[in-house]
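Worksheet: the structure to be examined is printed underneath.
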């Protein structure tokens, strides 16, 4: 399994996630709120890049994201590194 690229940018609308994706790959976005003690949640299924997470959180909230790539048949292909931010 190879590593996928992901970039996180804060915008006035929310968190902008840009990631690489091959034409036939399926990409799922996962988010964790509050750090390592919290569970990962899938927030987007078969997402397109760029993805905007516009969910509202309190200032100071720590957020982490990664993207999981799969084949059309559901076989894992790639997993990005984790990107994170603490909201201003």
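Residue numbers (the UniProt record's numbering): 1 to 88.
The C-beta atom is built at its ideal place from N, Cα and C for all residues, glycine as well.
Please read all numbers here as calculations on a predicted model, not as lab measurements.
| Item | Value |
| --- | --- |
| Contact set for residue 31: own chain, Cβ-Cβ below 6 Å, skip 5 residues either direction | 41, 43, 65 |
| Residue range of the beta strand (DSSP E) that includes residue 88 | Premise fails: residue 88 is in no beta strand (DSSP E) and is neither H nor E. |
| Cβ-based burial, residue 17 [other Cβ within 10 Å; buried from 16] | buried |
| Bridge partner(s) assigned by DSSP for residue 14 | 11 |
| DSSP bridge partner residues for residue 32 (one or two, in chain order) | 64 |
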